[in-house]
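If you're matching them up, the sequences are chains B and W in order.
The numbers in the first sequence follow our numbering, run straight up by one, and end at 296.
The numbers in the second sequence follow our numbering, run straight up by one, and end at 303.
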Amino acid sequence: MIPSIPQSALFKSSFRLYAFIFFAFLMAPLVVVAVFAFNDSMFPSLPWHGFTWDWFFSDQEPMLGLFHDPQLYQSIATSFLVATCTTVLAVALAINNAFLFERATFRGKSVLYMLMLLPLVIPGVILGVSILIMSSSIANYFDDVWAIDIELLRPGLALVVIGQFAFITTICTLIVAARLRSFDLSLEEAALNLGASKLQAIRTITIPYLLPAIIGAAVISFLMSFENFNTTLMLVGSDSPLTITLYDRLREGATPVINVVSLLLMLASVVLALGNYFLTGRKSTVK
Amino acid sequence: MMTKGKSKTPLKLGLLLLLCPLLLWLVLLVILPQLTMLNISLQERIAPRIYEYGFSNYIEFFTEPLYWNTFLRTAVMSIIATVLTLIIAFPISYYIAKMLRGRAKGLLLVLCLIPFWVSELVRTYGWMILLRESGVVSSFLQYIGMTEGPIEFLYTDATIMLGLVYSSMLFMVVPLTSTLESLDDSYIEAGYDLGGNGLSVFWQIIVPHAKPAIVSGCIVVFMLTLGNYLTPILLGGKSSLWFTEQIFTQFITRFNWQQGSAFGVLLLSISSLIVWLGLKLSRQSFSKVMS
């Protein structure tokens, strides 16, 4: 079953066939989404009515292209805003956490580390719902006792950012901490010996070393936030991010404009992720 | 390293500064919300806006067949999906890890990852285009003359299962592949030299070696499947009966937060229970499996 053990040709080719079917299965849904973005029809289905760019650029109803569909491009902008906020928060806290877990020694560290991993086992729907309950409880309390309405704690973009921040931080922490673990402390000591202060040493030596992991974490965080659905669904208010808008459209009955958005989303995420994969090495991109 | 006496005070302060943001995040966004949910789930409504502590929401869950049937169904289907994912993923991981060399290996692994960088919504949408009544598969079957009229493949349990297995694949393939890669070829050769055949080498050498990855892959897949929302809803339609959908309905549609919280606590409990059991059975630590 390894190359050095002789195997029958049938065994090998059946393995190859299996792998082929498996990858066809993996790619099929992505391929059809991409192909039907160019179908000159009101529905993303066969028969094929010819190739068109209308679903990208047309400004006429009923085939309103993506770039003339304000609901869609506004929700893309919303998603960008949410993803940027989430990424900044999550990466900043991740760097902080990495130093805490890799450098500091204190009692209860392993317990704290386990608690830090908790968001990975809480289903996204539950995480969203529980944050919704708590923020609403706080908001109701302020409303009842002091008659102050805190808009930020009601369903809306701020809560979406908070909800995503809650679990994306864990993933970013794992990525940054893994890189910090492989850092050679003697480099920092050398900087200290050469007269740098502790902060200077970290800023000029350690942070540049961490940079690939920080960028990697930021890319992953941005993608996860942009594509998140479960947590977002529970916390969203009147401004819907892209995934929520797409979901609503899907339930109303999709037109190929959804394929166009999906295609662009696929291209963007694959380019980002592949770039990240090849720049920062394999391990960190997986989870 | 600096000397102890010199660094003691600044380190303490530094530790506190590093600890604060983590604790704030952990307590405010992760722990307190879960406790609030538990608290709300234990409140029963006496009169409008008046609540008392009690277990009525949980009793409601056990007495209303729809609720616990949905719960059971979600759990059973998640287990089936996990097993199917393992069975389908294992040969692929083995193929990538042990039968391929050099560039082909890296390429196939990246191919496995690609679908998972794409939003779950897009992937599910792709399956909808393929499988619906006017979809690609139905049209193709009519074209080659296998069927007369269009066939609806959506809204069945088999379709939900397909979607669940599809969206879990990566979380099985990646740990399996990296663990199988670490299995030294000479062990397999030794197995054959000692008179083993393909089957005995598989069960006595390969599977034991891959066991940690099998366990952690299964835990992650089960958890993700149990908490999945999009795939059952979009591929299963009204007949999906998925437990996360019940939670959503209680919270957003019926505005019964007490009942919804009870459901949330139940889902979280079974999810944690399974993770705990898996870790106990395989004697692995939570930190190791998750990272």
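Cβ coordinates follow ideal geometry from the N, Cα and C atoms, glycine included.
{"query": "Other residues of its chain near Lys16(W): CB distance less than 6 Å, five sequence neighbours each side excluded", "result": "Since pLDDT at Lys16(W) reaches only 42, below the 50 mark, its modelled position is unreliable, and no value is offered."}
{"query": "Contained alpha helix (DSSP H) runs [length at least 4] in the segment 61–125 of chain B, N- to C-terminal order", "result": "63–66, 79–112"}
{"query": "Secondary structure of Asn240(W), DSSP reduced to three states", "result": "coil"}
{"query": "Whether Tyr70(W) touches Ala222(W) by CB criterion (8 Å)", "result": "no"}
{"query": "Bridge partners - Arg57(W), DSSP secondary structure assignment", "result": "Tyr63(W)"}
{"query": "Cβ neighbour criterion (16 or more within 10 Å) applied to Met235(W)", "result": "buried"}
{"query": "Any C-beta of chain W under 8 Å from that of Gly133(B)", "result": "yes"}
{"query": "Stretch pair the segment 115–127 of chain W + the segment 196–206 of chain W: three plus CB contacts closer than 8 Å", "result": "no"}
{"query": "Under 7 Å by beta carbon: chain B residues contacting Gln46(W)", "result": "Ser139"}
{"query": "Euclidean distance between Cα positions of Leu280(W) and Pro132(B)", "result": "7 Å"}
{"query": "Inter-residue Cα distance where the pair is Leu251(B) and Gly137(B)", "result": "17 Å"}
{"query": "Asn268(W) - DSSP class collapsed to helix/strand/coil", "result": "coil"}
{"query": "Assigned exposure category for Asn48(B) - 16 Cβ within 10 Å defines buried", "result": "buried"}
{"query": "Closer than 8 Å to chain B by CB, Thr15(W)", "result": "Only weak support is given to the placement of Thr15(W): the predicted model assigns it a pLDDT of 42, under 50, and the question is left unresolved by the model."}
{"query": "Residue nearest to Leu127(B) in terms of C-alpha spacing, selected from Ala148(B), Leu288(B), Thr95(B), Thr179(B)", "result": "Thr179(B)"}
{"query": "Cβ neighbours of Trp57(B) in the same chain (closer than 7 Å, five flanking residues each side left out)", "result": "Asn48"}
{"query": "Within chain W, partners of Met275(B) - CB distance below 7 Å", "result": "Val130, Val134"}
{"query": "Integer Cβ distance of Gly239(W) from Met49(W), believed to fall under 8 Å", "result": "The Cβ separation is near 15 Å, so there is no contact."}
{"query": "Beta-carbon contacts of Leu281(B) that lie in its chain and below 7 Å, excluding the five residues immediately before and after", "result": "Val228, Leu232"}
{"query": "Which residues DSSP lists as bridging Asn48(B), in chain order", "result": "Phe60(B)"}
{"query": "Unbroken alpha helix (DSSP H) run spanning Val39(W), endpoints", "result": "Segment: none, Val39(W) is in no alpha helix (DSSP H) and carries neither H nor E."}
{"query": "C-beta atoms of Val233(W) and Met184(W) nearer than 8 Å", "result": "yes"}
{"query": "Euclidean distance between Cα positions of Leu98(W) and Lys110(W)", "result": "17 Å"}
{"query": "Contact with chain W by Ala282(B), beta-carbon distance below 8 Å", "result": "yes"}
{"query": "Candidates Phe102(W), Glu76(W), Leu41(W), Val227(W): closest to Phe1(W) by CA position", "result": "Since the displayed chain W opens at 13 and closes at 303, residue 1(W) lies outside it and no answer follows."}
{"query": "Buried versus exposed, by CB contacts within 10 Å (16 or more), Cys62(B)", "result": "Correcting the residue identity first, residue 62(B) is Trp in this sequence and not Cys. Classification for Trp62(B): exposed."}
{"query": "Neighbourhood of Tyr150(B) by C-beta, 7 Å cutoff - its chain only, sequence neighbours within 5 removed", "result": "none"}
{"query": "Segments assigned alpha helix (DSSP H), at least 4 residues, entirely inside the segment 160–222 of chain B", "result": "166–190, 194–202, 207–210"}
{"query": "Segment contact flag, the segment 163–177 of chain B with the segment 236–248 of chain B, C-beta cutoff 8 Å, min 3 pairs", "result": "yes"}
{"query": "Buried or exposed by the 16-neighbour rule on C-beta atoms within 10 Å, applied to Thr86(W)", "result": "buried"}
{"query": "Where Pro38(B) sits in the DSSP three-state scheme", "result": "helix"}
{"query": "Opening and closing residue of the alpha helix (DSSP H) in which Tyr155(W) lies", "result": "148–155"}
{"query": "Contact list for the segment 276–287 of chain W against chain B, Cβ threshold 7 Å", "result": "Gly276, Leu279, Leu280, Ser283, Ser284, Val287"}
{"query": "Ser146(B): contacting residues in chain W (beta-carbon distance under 7 Å)", "result": "Thr48"}
{"query": "Separation of Gly248(W) from Ile141(W), as counted between CA atoms", "result": "14 Å"}
{"query": "Contact set between Phe108(B) and chain W, taken where Cβ atoms lie within less than 7 Å", "result": "Leu30"}
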